[in-house]
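First the structure, in the form of structure tokens, and then the observations on it.
Residue numbers (my numbering): 1 to 148.
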């Protein structure tokens, strides 16, 4: 009897759209290459994302959500480390403890009232923690004197 080997495809992930009321029921299959940022929902994370979709979303704490170009999706994952296999081949950085973003999607440093990044092709702004902002600033080669 031949044994079948199970190969898990980490290039796709299922998500349930949460940012619109006219969404079709059911789970969509999303491509890993479409992930712009991901976050583990919590009260703290909600305060760290400035986006048009946030007031209309009732997100469940302890669930990983994905922001892709066509919307925001709930996953079956409960921690960002579970998302790691799906992110292979893409460069992501921690913006803060519960929020990661694709490095090539971080467009503009925003310093008015908070330290963060505007996300390319969106109006979303992600607030960085002080520690992560220093690491990200170093990663992009930006010195504190560049902000003066």
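All C-beta atoms in this analysis are idealised placements derived from N, C-alpha and C, irrespective of residue type, glycine included.
Got a sec? Which residues, its chain only, sit under 8 Å from residue i by beta carbon, not counting five neighbours each side?
| i | result |
| --- | --- |
| residue 104 | 91, 120 |
| residue 30 | 12, 13, 14, 15, 66, 68, 73 |
| residue 46 | 54, 59 |
| residue 144 | 137 |
| residue 10 | 32, 85, 86, 88 |
| residue 62 | 40, 41, 42, 78 |
| residue 49 | 39, 99, 124, 125, 126, 127 |
Using a 10 Å radius around the Cβ and a threshold of 16 neighbouring Cβ atoms, would you call residue i buried or exposed?
| i | result |
| --- | --- |
| residue 146 | exposed |
| residue 43 | exposed |
| residue 138 | exposed |
| residue 81 | exposed |
| residue 102 | buried |
| residue 108 | exposed |
| residue 140 | exposed |
Residue i and residue j look like a contact to me (Cβ under 8 Å); what is the Cβ gap, rounded to whole Å?
| i | j | result |
| --- | --- | --- |
| residue 87 | residue 32 | 7 Å |
| residue 28 | residue 17 | 6 Å |
| residue 106 | residue 38 | Incorrect: roughly 14 Å between the Cβ atoms, too far for contact. |
| residue 95 | residue 126 | 5 Å |
Near residue i, which residues of its chain fall below 7 Å by C-beta distance, leaving aside the five closest residues on each side in sequence?
| i | result |
| --- | --- |
| residue 123 | 51, 52 |
| residue 56 | 19 |
| residue 97 | 129 |
Considering only DSSP beta bridges, list what residue i is partnered with.
| i | result |
| --- | --- |
| residue 13 | 30 |
| residue 126 | 49, 117 |
*Could you name each continuous beta strand (DSSP E) segment of 3 residues or more that falls completely within the stretch 59 to 124, going from the start of the chain to the end?*
64 to 68, 71 to 74, 92 to 96, 99 to 102, 106 to 110, 116 to 119
_Those runs of the alpha helix (DSSP H) which lie wholly inside the stretch 29 to 57 and span at least 4 residues_ = 43 to 47
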